[in-house]
Amino acid sequence: MAQLPSPGLDLSHGFVQLIRKRQFRRNEEFAKDSQNSLLKIDGESTVIGRMRVEELDIGQFVKEAQPYIISAIEDPKSLNTRNLQEVANVIVSRAWEDPTYHVTAAKICSHIIEEESKPSLNSSAAPALVFQTGLLNSCETILKEWKVLRSEQVSYWVSFCLFLSQVYLKVRPRGQHLCALQNALFTLLSHLLRTPCIDNFREVEVFSSIFHECGKDLEADSRTEMAAVMRRVRNLVLEPTISSEVREMLLPLIELYAGRWQFSNSAKDFYFNQ
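Per my numbering, residue 20 is the first one in the sequence shown, and the count goes up by one each step.
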């Protein structure tokens, strides 16, 4: 298979440019590979890596990247390090720019991580977690550049937030090198509790959604980090400049945390049955 055309990445600036431009350099050899590989996903009943083609929606990725994404799903170890890292970048970019794709993108990532983590039949060495490393590097780049990227398109930032939480939820049950992913999600929650995110009701909704879905697991992984998140939530509720809508969104989260991740009957009546 031809080399995956590079968007000129370095992980401090190049990936940000990939997100903004969302395009690859083309070459004839790669275009030929793309056309041949796409024949593999014709037909409604085709399954790639235990997932149906219609569900993966691979046709909406940049054409040049499609055969590499298919190869990564089928057997990530068949790709070289550079191409597998680029596949991670492309998937994160799609999750960033497509608000309807974050769940599917997370499912693809989880599957590739699972396949990559399987021991090789011909080697006793620990598997090289190339895709997982590339995925985390891409996410960490966005988290470092979050203010700039968010300022350009808030909806993309929201999509990324939901994507990262879904990756955590899908990867966590397998316990595969979670520390970096967990840290990235705590960093994300911290950003969402800061200006300007906390002043945008949609982003507060996203924080609430992630808290409900991931909070219990995050606390089990790191009580200290979750306690710090909750201190920030409590402080925000007490700030006079916070809007009443945001305060009403945050108060149930304090109640949920205090109730060990479940609401008392009185809390349910107060918050949800009025």
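The beta-carbon is built from N, C-alpha and C at its ideal position, and this holds for glycine as well.
The ligand GTP heavy atom lying under 7 Å from the CB of residue i
i, result
"Leu154", "The ligand GTP is not part of this structure, which contains no ligands at all."
Chain-order list of residues whose beta-carbon lies under 7 Å from that of residue i (same chain, five-residue window excluded)
i, result
"Gln185", "His121, Val122, Ala125"
"Leu272", "Ser227, Phe230, Val252"
"Ile127", "Leu75, Ile92, Ile110"
"Leu181", "His121, Val225"
"Cys158", "Val111, Leu183, Ala203"
"Glu222", "Val177, Leu211, Cys216"
Unbroken alpha helix (DSSP H) run spanning residue i, endpoints
i, result
"Gln104", "100 to 116"
"Gly153", "149 to 163"
"Asp236", "220 to 240"
"Glu18", "A query on residue 18 cannot be resolved here, the shown segment of the chain reaching from 20 to 293 and no further."
"Arg266", "263 to 277"
"Val173", "173 to 190"
"Ile77", "Taken as a continuous stretch (DSSP letters only), Ile77 belongs to no alpha helix (DSSP H), as it is neither H nor E."
"Pro259", "Counting along the chain, Pro259 falls outside any alpha helix (DSSP H), and DSSP gives it neither H nor E."
"Cys198", "198 to 211"
Close-in-space but distant-in-sequence residues of the same chain around residue i (CB under 6 Å, 5 per side omitted)
i, result
"Ser97", "Ser90"
"Phe150", "Pro95, Leu103, Ala107, Ile131, Glu135"
"Glu18", "Nothing about residue 18 can be read from this structure; the chain reaches only from 20 to 293."
"Arg169", "Trp176"
"Trp280", "Lys235"
"Leu237", "Met245"
"Arg266", "Val256"
"Leu162", "Thr206"
Whole-angstrom C-beta distance between residue j and residue i, which should lie under 8 Å
i, j, result
"Val81", "Val109", "7 Å"
"Met268", "Glu224", "7 Å"
"Leu208", "Val177", "About 14 Å; that fails the 8 Å criterion."
"Leu155", "Ile217", "Not quite, the Cβ-Cβ distance comes to about 26 Å (not below 8 Å), so this is no contact."
"Ala114", "Phe179", "6 Å"
"Ala199", "Leu183", "Going by Cβ atoms, the distance from Ala199 to Leu183 rounds to 12 Å, so no, they are not a contact pair."
"Arg294", "Glu133", "The structure shown has nothing for residue 294, since the chain only spans 20 to 293."
"Lys189", "Ser129", "4 Å"
Residues near residue i by beta carbon distance below 8 Å, same chain, minus five either side
i, result
"Asn219", "Val173"
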